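Here's the structure we're looking at; comments come further down.
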Amino acid sequence: LPSDKVGEYWAISAHPHGVSTVKNGVYQGQKLDDLYAEHRDLFGNRPEPVFPLLTKILDANDWLSVQVHPDDQYGLAHENSLGKTECWYVLQADEGTKMVMGHHAQTREEFVKAIEEDDYDHLLNSFEINRGDFFYIPSGTLHAICSGSLIYEAQQSSDITYRFYDYHRKDKEGKERQLHVQQSIDVTNVPANLEVNQLFVNTHLDHGSKTTYVESEFFKVDCYRLTGENIIKNNHPFQMVSILDGEGTMNGDEVKKGDHFIVCSDQKEVIYDGTMTVMICTL
Ligand code: ZN
30 LPSDKVGEYW
40 AISAHPHGVS
50 TVKNGVYQGQ
60 KLDDLYAEHR
70 DLFGNRPEPV
80 FPLLTKILDA
90 NDWLSVQVHP
100 DDQYGLAHEN
110 SLGKTECWYV
120 LQADEGTKMV
130 MGHHAQTREE
140 FVKAIEEDDY
150 DHLLNSFEIN
160 RGDFFYIPSG
170 TLHAICSGSL
180 IYEAQQSSDI
190 TYRFYDYHRK
200 DKEGKERQLH
210 VQQSIDVTNV
220 PANLEVNQLF
230 VNTHLDHGSK
240 TTYVESEFFK
250 VDCYRLTGEN
260 IIKNNHPFQM
270 VSILDGEGTM
280 NGDEVKKGDH
290 FIVCSDQKEV
300 IYDGTMTVMI
310 CTL
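For reference, each letter of the sequence shown is one residue, going 30 to 312 in the numbering used here.
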């Protein structure tokens, strides 16, 4: 992403803050939110009133503020929006790059005390990340991307973010950015679940392998590392596909790193050929 500081690319989105447009074919020029509203059959006639998922590429050249997202219940009650559970796959990480996920307080009193004492160094759980790592970040989890990482993100289609801590950075006028401390205290899970599951299910394919990174109530994410021709079945309402690396063809059409598309429910299988890493996010 061409950016000096932080780049965020919404790859497949029907969220009003950044709606994707269909690039070609019968529905060329249509916005994804309209297409979902008018042709629900393409999306397996899902009951959700709005397209439920969003995929992004995040490029962090600076430390991002520590944030937390509400769950659906809190989001709907306070923000008229779904909450946000997300997951990250690390595409690139500079040597020593870290991320923040979770915290060390055991009770809400300890959590609030650490905030009052400005003791974020001890409160926040941070660790080094490497290319190929995957993290499931349920709503209510404090998290931050640190400088030097490029990340694929799949998430519920929501843009509700509470900024918890911004390292006391000041802008040109000497002001710190607005925080949402009370909302953060309300929605953060205490104690945090600090277990990071890095045991994923691997399956052999005809030419390559498939890794299932997560299968939750919100989404499923599979990574296909392809080394030749493979048929990938679609028994989902739709598949959100991102080519993360390499190039090849998809039913004969050329695709390459940086392409993102939706396989609709009427397409029950797709022939992929080439050497590429393909991430597929589904419900
Ligand atoms: Zn987030």
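Beta carbons are placed, not taken as given, at the ideal position from N, Cα and C, and that holds for glycine. Since we're looking at a predicted model, the values are computed, not measured.
Problem - Rounded C-alpha distance that separates M130 from L223 - result: Sequence index remark: in the sequence shown, residue 130 carries index 101 (1-based). Sequence index remark: in the sequence shown, residue 223 carries index 194 (1-based). For M130 and L223, the distance between alpha carbons rounds to 8 Å.
Practice task
Compute the minimum distance between the beta carbon of T114 and the heavy atoms of ligand 1, and state whether it is under 7 Å.
Solution key: Residue 114 sits at position 85 when you count from the first residue of the sequence shown. No, ligand 1 has no heavy atom inside 7 Å of this Cβ.
Handout entry: 6 Å CB neighbourhood of H289 in its chain, flanking five on each side removed
Key = By 1-based counting over the sequence shown, the position of residue 289 is 260. The answer, listed in chain order, is A40, I41, S271.
Practice task
Quick one: using the 10 Å Cβ neighbour count with 16 as the cut-off for buried, is F229 buried or exposed?
Solution key: Along the sequence shown, one-based indexing puts residue 229 at 200. With fewer than 16 Cβ atoms within 10 Å of its Cβ, F229 is classed as exposed.
Practice task
Compare the Cα-Cα distances from I86 to each of W117, F164, Y194 and report the closest residue.
Solution key: The residue you call residue 86 lines up with position 57 of the sequence shown. Among W117, F164, Y194, the Cα nearest to that of I86 is on W117.
Problem - Pair within 8 Å by beta-carbon distance, F267 and I291 - result: Working through the sequence shown from its first residue, we reach residue 267 at position 238. Working through the sequence shown from its first residue, we reach residue 291 at position 262. The answer is yes: Cβ separation under 8 Å.
Practice task
Assess, as a yes-or-no matter, whether the region 42–59 is touched by the region 175–189 under the definition of 3 or more beta carbon pairs within less than 8 Å.
Solution key: yes
Exercise for the section: Pull up the distance between the alpha-carbon of L83 and that of A183, whole angstroms please. Expected result: In the sequence shown, counting from the first residue as 1, residue 83 sits at position 54. In the sequence shown, counting from the first residue as 1, residue 183 sits at position 154. Between L83 and A183, the C-alpha separation is close to 6 Å.
Exercise for the section: Would you check if the region 153–169 and the region 212–220 touch, i.e. whether three or more CB-CB distances between them fall below 8 Å? Expected result: yes
Practice task
Report yes if the C-beta distance between A173 and L255 is below 8 Å; otherwise report no.
Solution key: Here residue 173 refers to the residue found at position 144 when the sequence shown is read from its first residue. Here residue 255 refers to the residue found at position 226 when the sequence shown is read from its first residue. Not closer than 8 Å, so no.
Practice task
Decide yes or no for the touch test of the region 189–207 against the region 156–164: beta carbon pairs closer than 8 Å, at least 3 of them.
Solution key: no
Problem - For K85: DSSP bridge partner residues - result: Residue mapping note: residue 85 aligns to position 56 of the sequence shown, counting from 1. DSSP output for K85 lists W39, E182 as bridge partner(s).
Practice task
Within the region 87–150, note down every full alpha helix (DSSP H) run reaching 4 residues or more, in order along the chain.
Solution key: 101–107, 137–145
Practice task
Using 7 Å as the cut-off, classify the Cβ of Q212 as near or not near the heavy atoms of ligand 1, replying yes or no.
Solution key: One-based indexing of the sequence shown puts residue 212 at position 183. Every heavy atom of ligand 1 is 7 Å or more from the Cβ of Q212, so no.
Handout entry: Short Cβ contact (8 Å threshold) for A89 with S176
Key = Walking along the sequence shown from the start, residue 89 turns up at place 60. Walking along the sequence shown from the start, residue 176 turns up at place 147. Against a cut-off of 8 Å, the Cβ pair of S176 and A89 comes out as a contact.
Exercise for the section: Could you check the C-alpha separation between M308 and E115 for me, to the nearest Å? Expected result: As a position in the sequence shown, residue 308 is number 279, starting the count at 1. As a position in the sequence shown, residue 115 is number 86, starting the count at 1. So the two alpha carbons sit approximately 15 Å from each other.
Practice task
Out of K142, Q296, C310, point me to the one whose CA is closest to V250's CA.
Solution key: Stepping through the sequence shown from its first residue, residue 250 is reached at position 221. That would be C310, whose Cα lies nearest to the Cα of V250.
Handout entry: C-beta contact flag for G257 and H233 at 8 Å
Key = Numbered from 1 along the sequence shown, position 228 holds the residue referred to as residue 257. Numbered from 1 along the sequence shown, position 204 holds the residue referred to as residue 233. No, these two residues do not count as a Cβ contact at 8 Å.
Exercise for the section: With hydrogens ignored, establish whether the beta-carbon of H151 is closer than 7 Å to any heavy atom of ligand 2. Expected result: Ligand 2 is not part of this structure, which contains only ligand 1.
Practice task
Tell me whether T217 counts as near ligand 1, meaning its Cβ is closer than 7 Å to at least one heavy atom of that ligand.
Solution key: As a first step, residue 217 must be located in the sequence shown, where it is residue number 188. It does not: the Cβ of T217 is nowhere closer than 7 Å to a heavy atom of ligand 1.
Exercise for the section: Give the range of the beta strand (DSSP E) segment to which D251 is assigned. Expected result: As a position in the sequence shown, residue 251 is number 222, starting the count at 1. D251 -> beta strand (DSSP E) spans 249–256.
Exercise for the section: Tell me whether E246 sits in a helix, a strand or coil according to DSSP, three-state version. Expected result: Here residue 246 refers to the residue found at position 217 when the sequence shown is read from its first residue. Three-state result, E246: coil.
Exercise for the section: Say yes only if the C-beta of Q96 is nearer than 7 Å to one or more non-hydrogen atoms of ligand 1, and no if none qualify. Expected result: Counting from 1 along the sequence shown, the entry for residue 96 is found at position 67. Yes, since a heavy atom of ligand 1 falls inside the 7 Å radius drawn around the Cβ of Q96.
Practice task
Assign E298 to one of three DSSP states: helix, strand, or coil.
Solution key: Taking the first residue of the sequence shown as 1, we reach residue 298 at position 269. Here E298 sits in strand by DSSP.
Practice task
Let me know the secondary structure DSSP gives D63 once reduced to three states.
Solution key: Sequence index remark: in the sequence shown, residue 63 carries index 34 (1-based). Here D63 sits in helix by DSSP.
Practice task
Along the beta strand (DSSP E) that carries Q268, what are the first and last residues, could you check?
Solution key: For this step, residue 268 is matched to residue 239 along the sequence shown. Looking at the DSSP string, the run of the beta strand (DSSP E) that includes Q268 is 267–279.
Problem - C-beta atoms of L120 and Y181 nearer than 8 Å - result: By 1-based counting over the sequence shown, the position of residue 120 is 91. By 1-based counting over the sequence shown, the position of residue 181 is 152. Yes, Cβ-Cβ distance for L120 and Y181 is below 8 Å.
Problem - Given G73 as reference, the closest of K204, G36, R206, Q296 once Cα atoms are compared - result: Taking the first residue of the sequence shown as position 1, residue 73 is located at position 44. Nearest of K204, G36, R206, Q296 to G73, Cα basis: Q296.
Exercise for the section: Give every residue of the same chain whose Cβ lies closer than 6 Å to the Cβ of Y253, excluding the five residues on either side of it in the sequence, and list them in chain order. Expected result: Against the sequence shown, residue 253 aligns to sequence position 224. Hits under 6 Å: K239, V307.
Exercise for the section: Compute the minimum distance between the beta carbon of H172 and the heavy atoms of ligand 1, and state whether it is under 7 Å. Expected result: One-based indexing of the sequence shown puts residue 172 at position 143. Correct: H172 has its Cβ closer than 7 Å to ligand 1.
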